[in-house]
Amino acid sequence: MPDVTQALAAAGAINSVDDVLFAGVKELKYAYVVFDDNYYDAVALITRYLESPRRLSRGRYGSWIYNRWKIP
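Residue numbers (the working numbering): 28 to 99.
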């Protein structure tokens, strides 16, 4: 956990590691989106792969649309 709080402070997400009063670790079965420079290209590739054998990925999570803005 110290690495996480230090990284958050270094990124400016929190002012100081002292801002974190408590924390816990929880393993999630499914991953969540990480927005980076490759996000849109990766989503296009994954979508083509899934839809090629007629596996349709739909719904809030299935359509890979979490926000309506695009990273510059």
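Heads up, the beta-carbon is just placed ideally off N, CA and C, and yes, glycines get one too.
What would DSSP say about residue 75, mapped onto helix, strand or coil? DSSP places residue 75 in helix when its eight states are reduced to three.
What does the alpha-carbon distance come out to for the pair residue 52 and residue 68? So the two alpha carbons sit approximately 31 Å from each other.
Terminal residues of the alpha helix (DSSP H) in which residue 35 lies: Per DSSP, the unbroken alpha helix (DSSP H) holding residue 35 starts and ends at 29-38.
Kindly list the residues whose CB is nearer than 6 Å to the CB of residue 84, restricted to its own chain and excluding five residues on each side of it in sequence; keep chain order. So the qualifying residues of the chain are 77.
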